[in-house]
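Student: Residue numbers (my numbering), protein chains in the order written: chain A, 1 to 288; chain B, 1 to 389. We put the beta carbon where it would ideally sit given N, CA and C, even for glycine. None of these values were measured; they are calculated from a predicted model.
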Amino acid sequence: MQRLTVRDSPAPGTRRRPSSSSLLASELKQLFRRRRTQAMLLALAAIPVVIAVVVRVSSAVPPGRGPAFLDRISQNGLFVAVTAMLVSVPLFLPLTIGVVAGDTIAGEAGLGTLRYLLVAPAGRARLLLVKYAGAAVFCISAPLAVALAGAGIGWVLFPVGPVALLSGDLVEPDEALVRMLLIAAYQAVSLLGLSAIGLFLSTLTDVPVGAMAATIVLSVVSQVLDQLPQLEWLHPWLFTHHWFGFADLLRQPIGWDSFGDNALLQAGYIAVFGALAFGRFVSKDVLS
Amino acid sequence: MTATWLRWTPAVAVPAVIAAGVLAGSLPASARDPLPEKTPAQVLAMIGQHQTKSFSGTVEQSSELGLPDVPQVGPTSGAGTGSLAELLTGPHSARVYVDGPTKARIQVMDRMAERDAVRQGNELWLYNSKDNTATHVMLPAASKESRSHDTPAGVATPEELAAKMLDKLDGSTDVAVAEDTEVAGRAAYSLVLTPRSAVTLVGSVAVAVDGENGLPLSVEVRARGQQEPAFRTAFSSLTLGAPDAALFNFAPPPGASVKELAVPAKPNGTTGQADKNRTGKDLADKNPADRNTDHRDLRGHAPTVTGSGWERIVGIPAPSASAPSESRESGKQSVDRLLNDPLLRQATVTVQGGRAISTSLVNVLLTDDGRTFVGSVPLERLQAAAAAR
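Structure representation (structure tokens):
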């Protein structure tokens with residue numbers, strides 16, 4: 001019931017179609033005002049902080065051990081952000097996306113607010129789009145939270161200077177920041193496919209936890225399948241296949257191939273699971 | 001009910017469209033004009049003549065040699081220095097930039113890491129981002145001299161050289177031009193070398209030669225009785241023209257550990273000789289007895305060669321106690337180093353008479369008494385060669 005008061009959609013009685021932008025604005029307001037969303041963003045921002053503090057208080061890390069770039073942090077604080085973004089790819093980011101995307105429709109259905117949303121003549125397709133757009137905005141903000149917190153804490157605790165890329169070439173800190181934002185963009189694109197899957201799963205059930213868990217499990221399963229050499233033919237089709245490809249943004253010159261491949265793959269997942277979610281949602285009997 | 005079906009149409013149509021798109025993309029573009037017919041000699045001459053000195057491109061390499069795979073899981077960077085043999089397992093992709101004979105850069109793109117080799121003039125830098133190490137090598141200036149040796153005025157033209165090479169190959173190898181292929185979007189001749197020997201492990205070697213400029217675009221080695229190519233390296237994209245000159249300016253990043261590596265102007269003493277023998281195919285054509293008389297001090301140390309053509313077996317004798325201790329050390333070291341490579345150690349199996357590393361193209365037998373036999377032949381042949389002495 002609390003959610004109803006937060007939402008400022010028009011009262012069910014007025015038969016005016018709310019504009020898409022106002023729907024999206026209210027969806028975003030609802031999403032980012034939730035304690036859960038804020039807590040997840042804070043937890044993501046805590047990853048680089050933990051890494052930076054641990055590296056600061058411990059002795060030097062020998063190169064080649066632990067996550068890549070860990071040994072570079074003490075020389076250049078900007079590597080905190082890169083390391084944290086790298087570490088959060090396999091689990092932390094999909095975890096938060098799974099929660100947000102799995103909650104989109106099932107959350108409303110579980111709370112019994114979905115039918116009120118549909119009474120307001122927003123149209124089911126539009127509601128689905130708005131819900132997906134909200135999840136997409138979260139996909140952008142989650143990696144950004146890691147990147148900005150990482151750059152910030154790295155700048156506070158460590159010296160910041162020209163950054164050595166994977167190719168061994170040096171770039172100035174401002175260009176390094178641009179590359180970091182590019183990595184965040186790459187990860188946002190990577191997560192869009194998973195959000196579409198989460199949206200579809202969310203239309204299947206009235207129990208949001210089920211949709212969230214299923215989304216997260218799928219992201220893990222996909223990563224496991226990507227490691228099995230017997231399934232090599234399947235690998236290019238897995239939505240997690242290019243998740244670590246952002247390393248190409250740290251080369252000189254930047255390799256854009258993986259960015260393009262990843263975007264194409266994610267677009268395919270968005271199209272397929274968006275269509276599935278549409279088919280399911282518009283033909284669904286909304287009882288709650 | 002029709003309304004329900006209508007609502008599900010996108011869910012059916014979208015995968016269908018994607019499948020159609022993928023199928024259409026995988027069909028070879030057949031609209032291209034066929035390349036003019038050429039004989040094997042002409043194609044070989046094209047390789048010899050090609051003037052493509054500046055290009056940049058991406059090379060994809062894949063191996064199915066039967067060596068164990070290096071698992072790459074999680075946010076760690078891929079195997080970097082751990083193993084050189086790692087380059088022979090699994091897929092690799094590298095970017096290549098070449099501008100003239102003295103400017104080149106190769107970037108092996110590992111997972112979350114990169115191995116670089118940059119050459120500008122006589123300076124060569126090797127850099128590995130995984131452990132942040134750089135190696136600096138000053139190449140001997142003598143390379144200019146040797147190049148001028150290659151092309152004195154009265155020397156054979158590429159056509160003559162190609163014909164000569166074909167004559168030499170003919171006894172052991174069938175050379176043919178197969179159907180045109182397409183590599184990196186460029187039409188290419190496909191030169192196929194098939195061993196006439198029934199014993200060797202090598203099934204065939206195919207080289208794709210750019211139809212326009214004669215640049216070799218791909219090499220594919222097939223092993224007998226294996227569906228997938230045992231080794232394949234090919235350009236996946238190729239841009240002709242000089243790459244950005246700044247790419248060849250390399251300085252190790254601060255914090256990297258830098259090693260200076262001196263290259264002796266002349267290979268010195270026994271180790272150099274041994275290295276040359278192991279790699280130099282030309283020496284194998286000589287009578288091994290000649291070589292032993294050439295280097296009396298090395299008797300019992302020079303590799304021996306049995307068989308010919310594709311059935312050739314190279315035997316490296318055990319370091320004997322009478323040999324100078326320096327060379328024994330180096331010989332022992334190189335074998336030790338080979339076995340210390342974690343990947344090769346994993347691939348070593350115990351067989352009758354010693355241990356063996358078996359791949360689909362090459363077999364290596366390390367006998368119990370320290371000798372090493374290498375050849376593109378079944379293991380039994382190596383064992384027979386080892387038993388013969």
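Report all residues from its chain with a CB closer than 7 Å to the CB of Ala271/A; omit the five preceding and five following residues, and keep chain order.
Tutor: Nothing meets the Cβ criterion.
Student: Applying the 10 Å Cβ sphere with the 16-neighbour rule, what's the burial state of Trp243/A?
Tutor: Per the 10 Å Cβ criterion, buried.
Student: Using the C-alpha atoms, what's the distance from Gln61/B back to Ala347/B?
Tutor: One C-alpha to the other measures close to 21 Å.
Student: Runs of 3 residues minimum, wholly inside the segment 178-221 of chain B: which ones carry the beta strand (DSSP E) assignment?
Tutor: Fully enclosed beta strand (DSSP E) runs of 3 or longer: 186-195, 202-210.
Student: Roughly how far, in whole angstroms, is the beta-carbon of Asp180/B from the beta-carbon of Pro34/B, given that I think they are within contact range, below 8 Å?
Tutor: About 6 Å separates the two Cβ atoms, so the contact holds.
Student: Can you look up Ala60/A in the DSSP assignment and give me helix, strand or coil?
Tutor: Correct three-state label for Ala60/A: coil.
Student: Can you give me the C-alpha to C-alpha distance between Ala385/B and Gly100/B, rounded to a whole angstrom?
Tutor: Answer to the nearest angstrom: the Cα atoms are 45 Å apart.
Student: Looking only at its chain, what residues have a beta carbon closer than 6 Å to the beta carbon of Asp369/B, apart from the 5 residues adjacent to it on each side?
Tutor: Answer for Asp369/B: Ala318, listed in chain order.
Student: Between the segment 105-116 of chain B and chain A, which residues of the former have CB atoms less than 8 Å from a CB of the latter, in chain order?
Tutor: Taking 8 Å as the Cβ-Cβ cut-off against chain A, the residues of the segment 105-116 of chain B that qualify are Gln107, Met109, Arg111, Met112, Ala113, Glu114, Asp116.
Student: Got a sec? Which residues, its chain only, sit under 6 Å from Leu114/A by beta carbon, not counting five neighbours each side?
Tutor: Within the same chain, Leu114/A has close Cβ partners Glu108, Val286.
Student: What residue does the beta strand (DSSP E) around Asn76/A start on, and which one ends it?
Tutor: Looking at the DSSP string, Asn76/A is not in any beta strand (DSSP E), and its letter there is neither H nor E.
Student: Please report how far the alpha carbon of Gly48/B lies from the alpha carbon of Ala163/B, in whole angstroms.
Tutor: Each residue's Cα considered, the two are about 11 Å apart.
Student: Where does Ala19/B land, buried or exposed, given buried means 16+ other C-beta within 10 angstroms?
Tutor: Its Cβ having fewer than 16 others within 10 Å, Ala19/B is exposed.
Student: Helix, strand or coil for Ile47/A per DSSP?
Tutor: Helix at Ile47/A.
Student: In the DSSP output, what is Gly375/B paired with across the bridge?
Tutor: Its beta-bridge partners are Ile313/B, Asn363/B.
Student: Give me, in chain order, the residues of the same chain whose beta-carbon lies closer than 7 Å to that of Ser148/B; leave out the 5 immediate sequence neighbours on both sides.
Tutor: The predicted position of Ser148/B is uncertain, since its pLDDT is 41 and thus under 50; no value can be drawn from it.
Student: Tell me whether the beta-carbon of Ile73/A lies closer than 9 Å to the beta-carbon of Val61/A.
Tutor: The answer is yes: Cβ separation under 9 Å.
Student: For a contact meaning CB atoms closer than 7 Å, what does Gly279/A contact in chain B?
Tutor: Those within 7 Å of Gly279/A in chain B are Arg7, Trp8, Pro10, Ala11.
Student: So Ile316/B and Pro303/B are supposed to be a Cβ contact under 8 Å. How far apart are they, rounded?
Tutor: Confirmed, about 5 Å.
Student: Quick one: any contact between the segment 74-94 of chain A and the segment 19-39 of chain A, if contact means 3 or more CB pairs under 8 Å?
Tutor: No, the segment 74-94 of chain A does not touch the segment 19-39 of chain A.
Student: Helix, strand or coil for Phe239/A? Go by DSSP, reduced to three states.
Tutor: Coil, per DSSP.
Student: Closest Cβ-Cβ distance between Gly150/A and chain B: below 9 Å?
Tutor: So no, Gly150/A is outside the interface.
Student: What is the DSSP secondary structure of Thr4/B, reduced to helix, strand or coil?
Tutor: In the structure shown, Thr4/B sits in a helix (DSSP, three-state: H, G or I).
Student: Among all the DSSP beta bridges, which residues are the ones paired with Phe235/B?
Tutor: Bridge partners of Phe235/B: Val59/B.
Student: Closest by CA to Leu261/B, which one among Arg115/B, Tyr127/B, Thr194/B, Asp174/B?
Tutor: Closest by alpha carbon: Tyr127/B.
Student: Along the beta strand (DSSP E) that carries Ile106/B, what are the first and last residues, could you check?
Tutor: Run containing Ile106/B: 103-110, per the beta strand (DSSP E) assignment.
Student: Does DSSP classify Asp368/B as helix, strand or coil?
Tutor: Coil at Asp368/B, not helix or strand.
Student: Of all the options Ala133/A, Phe239/A, Leu144/A, Gln187/A, which has the alpha carbon lying nearest to the alpha carbon of Leu265/A?
Tutor: That would be Phe239/A, whose Cα lies nearest to the Cα of Leu265/A.
Student: Three-state secondary structure (DSSP) at Glu175/A?
Tutor: Reduced to three states, the DSSP call for Glu175/A is helix.
Student: Would you report the Cα separation of Gly210/A and Glu182/B, rounded to the nearest angstrom?
Tutor: Rounded to the nearest angstrom, the two C-alpha atoms are 49 Å apart.
Student: Buried or exposed, going by whether 16 or more other CB atoms sit within 10 Å of the CB of Leu160/B?
Tutor: Rather than Leu, the amino acid found at residue 160/B in this sequence is Glu. So Glu160/B ends up on the exposed side.
Student: Between which two residues does the beta strand (DSSP E) holding Leu44/B run?
Tutor: Here Leu44/B belongs to no beta strand (DSSP E); instead the alpha helix (DSSP H) covers 40-49.
Student: Could you pull out every residue in the same chain whose Cβ sits closer than 8 Å to the Cβ of Ser172/B, ignoring the five residues on either side in sequence?
Tutor: Excluding residues within five positions, the ones whose Cβ falls inside 8 Å are Pro195, Arg196, Ser197, Ser308, Gly309, Trp310.
Student: If contacts are defined as beta-carbon pairs under 8 Å, then Leu276/A and Phe200/A qualify, I think. What distance do you get, rounded to the angstrom?
Tutor: Correct: roughly 5 Å between the Cβ atoms.
Student: Roughly how many angstroms lie between the CA atoms of Arg142/A and Ala45/A, to the nearest whole one?
Tutor: According to the sequence as given, residue 142/A is Ala; it is not Arg. Each residue's Cα considered, the two are about 9 Å apart.
Student: Rounding to the nearest angstrom, what Cα-Cα distance links Val220/A and Phe231/B in this structure?
Tutor: When rounded, the distance between both Cα atoms is 32 Å.
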